[in-house]
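Notes to accompany the following structure.
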Amino acid sequence: MGTYPLRLADHVMEEAKQAAAEDNVSLNQLLAAFIADGIGHRRAIMELKKRAARADPEAALAILARAPDVPPDPGDELPAKAG
């Protein structure tokens, strides 16, 4: 297991300590979990960007063109415009 000295702004440290106390975990556990979660999110975003780069916009539009022109299901309507 590696270690890394981390500097945090005082207000961020206080929030982290409070969150750790609320979750009944150590500050170290909380920060390690947040970092792992952030890395997971980053990997997912990078994968989506790779997929988007391979996308064929014309094929996507062709699929959308085949969608039937019907009213939305009840409760699935767009909100009314304000004003």
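Add 2 to a position in the sequence shown, counting from 1, and you land on the number used in the working numbering.
Each residue gets a CB set at the ideal place from its N, CA and C atoms; glycine is no exception.
The structure displayed is predicted, hence computed values, not measured ones.
Cα-Cα separation, Asp75 to Arg53: Between Asp75 and Arg53, the C-alpha separation is close to 31 Å.
Could you tell me the alpha carbon to alpha carbon distance between Glu24 and Leu66, rounded to whole angstroms? Glu24 and Leu66: Cα-Cα distance of roughly 46 Å.
Considering Cα atoms alone, identify which of Gly77, Glu16, Leu80 is closest to Leu32. Nearest to Leu32 by alpha-carbon distance, out of Gly77, Glu16, Leu80, is Glu16.
Can you list, in chain order, the residues of its chain whose CB lies under 6 Å from that of Ala11, leaving out five sequence neighbours each side? Residues of the same chain with their beta carbon placed closer than 6 Å to that of Ala11 are lacking, with the five preceding and five following residues left out of the count.
Where the alpha helix (DSSP H) containing Pro59 begins and where it ends: 59-67 is the extent of the alpha helix (DSSP H) around Pro59.
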